[in-house]
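Mapping to the UniProt record's numbering: the sequence shown position 21 is 21, numbers consecutive.
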Amino acid sequence: MSKNDFGELYEATSKHIKRLIILADSKKYATAEFGESLKSFLNSYSPEDAPTNITEYRTKVAVDILSKLSVFNNLISIYRELGRMAIPLSYSTFNPLPCEKWVLKLMEFQQSLTNYMIVSISFTQKLIKSDIYLTEVRRILHVISTMRMSEAILPLTTLIICALNTALAYEYSSFTKILRDYGLRNILTRYTCHDPKIKLAINIFLTFTYTDISQLHLKEQYVELFVQQFHYTVIGRRKNHCFDASILIKVLRLLALNSENRIELVNRDIVRHLILLPDSQSYGTNELSTTIHILSSNVPVIDATQEILSLAEAYRSNIAELEEKVRTYFEGVSIDEFLLPTEPDIGDDQSEDTPSVVVEEGNTYHLDGHIMISYSHNDYKIALKIKESLENEEIKFWIDKEHMVQHVKILDAMANAVENAAIVLILFSKSYQDSENTKAVLD
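Laid out in structure tokens, this is it:
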């Protein structure tokens, strides 16, 4: 991939995000600058001068900027702060309605995150595993369920639920389990709001998180809501921020597992419309043909479920393959040269982003102990890359970045880390060999 394709756009996006984080860190949420940076972050997903390889650009932003630990931790902190300004912790039904200004900012920020969830399963995984993010989402949805809906709160509620649906659309069992474990299904089933978009978003969430086929059965009014949106977005091929066409097709397949739903959907002529759609609507898989087959044939539930799982696996594989393709340096330029606003904290992995729910699926490597990484300060960038790779695989590590030349205290810490390590990794460069610490150890 050449830097000329979208290098300048990528660099501009990284600077906008860096500026946003710096302003938030300085508590300048109320400034015009913060609003402009937030708007730039939102617009970065669909820039005016979009490159031809826009999907690669978006995916690279998600995996090489937003998924980096220092950036990601700042983003979820911003989300929590905006959430608490929009809907304060002290809110009760007797207090004034939330400040519309902050509700709108939270909406912009949520939409920005959701956009990049669509193109990156790794970024989505970080969000879904983030206790900070999901706890704030749960708090907001719970409070909203008790309040009188305002015009500002309605779209915010829809956006938040649709963000969860974006994650669930990967049909990854670990994502589904986490969202069930956070009790979000229980909160949403208690909603009494009559807004059609919120109703539809909730029913999509409930469909993705079903545990029994009987839970998939939709009342006629909800079938009507779904079919209307399906015709508007999928058949009419109109873009919708909240109800993406690919998500609706996935939901359609799941709903068809329930025989009553399937009969109702067939009677509404859904299959004929699907047959007329172009192959480009298949999203790189057998999306349409599988959906038509499940709807139009009396396929046993167990067979249909297996077809759905196979299709989901192929979809995730396509996303992961693109991520690997773009997770590189630009031509001659490391992203670190213009990306990180602050260095990540390096040490025992005790960031406040530690999830309360442990995700085991996808972690194919188990290590009894940690990997101790020893390196020279001059090799810090390489060590950081290795450290981030270990984090992505959820492998424990010990690494130091601040005291590599302060041999008095660090030697004891390093000795302890070596003694308790399962693996010791040494970046034995010329710089490492000539370092003060190495000489001290030899002495």
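Ideal placement from N, C-alpha and C gives every residue a C-beta, glycine not left out.
Because the structure is a prediction, the values reported are computed rather than measured.
query                                                                                                                                                                                        : result
Any chance you could list the alpha helix (DSSP H) runs of at least 4 consecutive residues sitting entirely within the region 12 to 70, in chain order?                                      : 32 to 43, 54 to 61
I'd like the list of long-range same chain contacts for phenylalanine 41, defined as Cβ closer than 7 Å, with 5 residues on each side in sequence excluded.                                  : His16, Ile17, Leu20, Ser112
Using 8 Å as the threshold, is the region 174 to 183 in touch with the region 243 to 261, meaning 3 or more CB pairs across them?                                                            : no
Taking the alpha-carbon of isoleucine 386 as reference, which of Tyr133, Leu69, Ala312, Phe34 has the nearest alpha-carbon?                                                                  : Leu69
Whole-angstrom Cβ separation of alanine 163 and phenylalanine 175, contact assumed at under 8 Å?                                                                                             : Rounded, the Cβ-Cβ distance is 12 Å, inconsistent with contact.
Please work out which residues of its chain come closer than 7 Å, Cβ to Cβ, to arginine 84, disregarding the five sequence neighbours upstream and downstream, and give them in chain order. : none
What are the boundary residues of the alpha helix (DSSP H) that isoleucine 270 is part of?                                                                                                   : 270 to 275
Can you give me the C-alpha to C-alpha distance between threonine 207 and valine 424, rounded to a whole angstrom?                                                                           : 47 Å
What are the residues that DSSP puts in a beta bridge with serine 374?                                                                                                                       : Ile426
Could you pull out every residue in the same chain whose Cβ sits closer than 7 Å to the Cβ of alanine 152, ignoring the five residues on either side in sequence?                            : Glu100, Val103, Leu104
Using the beta-carbon count (16 or more within 10 Å), is serine 426 buried or exposed?                                                                                                       : The sequence as given places isoleucine at residue 426; serine does not occur at that position. It counts as exposed.
Return the CA-CA distance between leucine 184 and tyrosine 375, expressed in angstroms with no decimal places.                                                                               : 44 Å
Thinking residue 448 and isoleucine 87 are a contact (beta carbons under 8 Å), I'd like their distance in whole angstroms, please.                                                           : The shown model of the chain, from 1 to 443, leaves out residue 448, and the question about it has no answer.
Considering only C-alpha positions, which residue in the set Ser14, Phe34, Ala304 is nearest to isoleucine 78?                                                                               : Phe34
Closer than 7 Å by C-beta to glutamate 307: which residues in its own chain qualify, once you throw out the five before and the five after it? Chain order, please.                          : Thr290, Ile294
Just tell me which of Glu388, Ile247, His217 has its CA closest to the CA of leucine 265.                                                                                                    : His217
Can you tell me which of the three DSSP states phenylalanine 6 falls into?                                                                                                                   : helix
Contact criterion: CB-CB distance below 9 Å. Does isoleucine 302 meet it with respect to chain B?                                                                                            : Absent from the structure is chain B; it holds one protein chain and no more.
What residue does the alpha helix (DSSP H) around leucine 216 start on, and which one ends it?                                                                                               : No alpha helix (DSSP H) holds leucine 216; DSSP gives it neither H nor E.
Where do the N-terminal and C-terminal ends of the alpha helix (DSSP H) with cysteine 162 fall, by residue?                                                                                  : 153 to 168
Between arginine 148 and leucine 188, what straight-line distance do the alpha-carbon atoms span, to the nearest angstrom?                                                                   : 16 Å
I need the boundaries of the alpha helix (DSSP H) containing valine 251, first residue and last residue.                                                                                     : 245 to 255
With burial defined as no fewer than 16 other Cβ atoms inside 10 Å of the residue's Cβ, what is the status of arginine 262: buried or exposed?                                               : buried
Around the Cβ of threonine 31, are there at least 16 other Cβ atoms within 10 angstroms (buried) or fewer (exposed)?                                                                         : exposed
Among the residues of its own chain, which have a CB less than 7 Å from the CB of proline 47, if the five just before and after it don't count?                                              : Leu9
Start and end of the alpha helix (DSSP H) containing valine 227?                                                                                                                             : 220 to 230
Report the three-state DSSP secondary structure of methionine 147 (helix, strand or coil).                                                                                                   : coil
How many Å lie between leucine 200 and tyrosine 232 at the Cα?                                                                                                                               : 14 Å
In the structure shown, what three-state DSSP assignment does arginine 139 receive?                                                                                                          : helix
Helix, strand or coil for aspartate 195? Go by DSSP, reduced to three states.                                                                                                                : coil
Note down the Cα distance separating glutamate 220 from arginine 268, rounded to an integer number of angstroms.                                                                             : 12 Å
Phenylalanine 230 to alanine 245, Cα distance in whole Å?                                                                                                                                    : 8 Å
Report the option in Thr13, Val63, Tyr45 whose CA atom is closest to the CA atom of glutamate 321.                                                                                           : Val63
To the nearest angstrom, how far is it from the Cα of serine 296 to the Cα of lysine 126?                                                                                                    : 38 Å
Out of Ile202, Glu136, His273, Asn298, point me to the one whose CA is closest to valine 251's CA.                                                                                           : Ile202
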